[in-house]
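> Take a look at the following structure, please.
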Amino acid sequence: MKALGILPFARNLIDTYIDESVTVIDATCGNGNDTLYLAKQLNGTGHIHAFDIQQTAIDNSRIKTAEYHNITFHLDGHENVLNYVQSPVRLAIFNLGYLPKGDKSIVTLPDTTILAIERIFSILETEGIIILVIYPGHAEGRIEKDAVLNYLKQFDQEKAHIYKYEFINQKNNPPFICAIEKR
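Okay, structure coming up:
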């Protein structure tokens, strides 16, 4: 087996869990890379709900995904997901931290991230997945990492399989993935 980098591993998970005509969530749409990847995988079917708290992120994502018409953008925090999405969801992805090339003082927060995970899990299909790409390379990221990992370790094993994918011999607190598969 050839080891996949963190983002290719996340995309491999998306490919494994997604098929056409499902509802998915990009909980932190950022610059639109995951939103675009999801749109391509859905091939114009299904629906994507893309969230971000920064207008710049929404604008960047809209530009990147302009040819797709199955995306609803929400300028709101992912913790408010249930205000917009009630239907079953097959997959959700989070890229925690700050907007790349954006204002590094605006970051995802442990409390709202955990609340978003709980709310998305409540509408997640059985055998659906929540993918968390966690970036502990900055002070706020380390705080969020600790809180999210502590939360995940307490998660009822009868309700979900939770796993972690990371490289342990890299410097500078590299990103890693935690995934929650609903049982």
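Those letters in the sequence shown? Residues 0 to 182, by numbering that gives the first Met the number 0.
Beta carbons: idealized from backbone N, C-alpha and C, even for Gly.
Can you give the beta carbon distance from Tyr-16 to Leu-90, rounded, assuming they're within the 8 Å contact cut?
So it is a contact: roughly 5 Å between Cβ atoms.
> Three-state secondary structure (DSSP) at Val-23?
Val-23 falls in the strand class under three-state DSSP.
> Can you give me the start and stop residues for the beta strand (DSSP E) that Tyr-162 sits inside?
Element bounds for Tyr-162: 159-164.
> Going along the chain, which residues of its own chain have a beta-carbon closer than 6 Å to the beta-carbon of Glu-124, five neighbours each way excluded?
Around Glu-124: Pro-87 and Arg-89.
> In angstroms, rounded to a whole number, what distance separates the CA positions of Gly-76 and Leu-108?
Straight-line Cα distance between these residues: approximately 10 Å.
> Does Phe-154 come out as helix, strand or coil in the three-state DSSP assignment?
Phe-154: coil per DSSP, three-state reduction.
> Alpha helix (DSSP H) containing Ile-197: first to last residue?
Shown here, the chain extends from 0 to 182; a query on residue 197 therefore has no answer.
> Just to confirm, are Arg-118 and Leu-81 a CB contact at a threshold of 8 Å?
Yes, the pair counts as a contact, with Cβ atoms nearer than the cut-off.
> Give me the Cβ distance between Thr-64 and Ile-70, rounded to the nearest whole Å; I'm assuming they're in contact under 8 Å.
Yes, they are in contact, since the Cβ atoms of Thr-64 and Ile-70 sit about 6 Å apart, within 8 Å.
> By how many angstroms is the C-alpha of Gln-54 removed from the C-alpha of Tyr-134?
C-alpha separation (whole angstroms): 22 Å.
> Could you spell out where the beta strand (DSSP E) holding Arg-182 opens and where it closes?
Taken as a continuous stretch (DSSP letters only), Arg-182 belongs to no beta strand (DSSP E), as it is neither H nor E.
> So what's Tyr-16 in DSSP terms, helix, strand or just coil?
Three-state DSSP puts Tyr-16 in a helix.
> Rounded to whole angstroms, what's the CA-CA distance from Ala-178 to Ser-20? Just pull it up for me.
Answer to the nearest angstrom: the Cα atoms are 22 Å apart.
> Label Arg-182 either buried or exposed according to how many other C-beta atoms from any shown protein chain fall within 10 Å of its C-beta, with 16 as the threshold for buried.
Per the 10 Å Cβ criterion, exposed.
> Where do the N-terminal and C-terminal ends of the beta strand (DSSP E) with Ala-49 fall, by residue?
Note, Ala-49: beta strand (DSSP E), 46-51.
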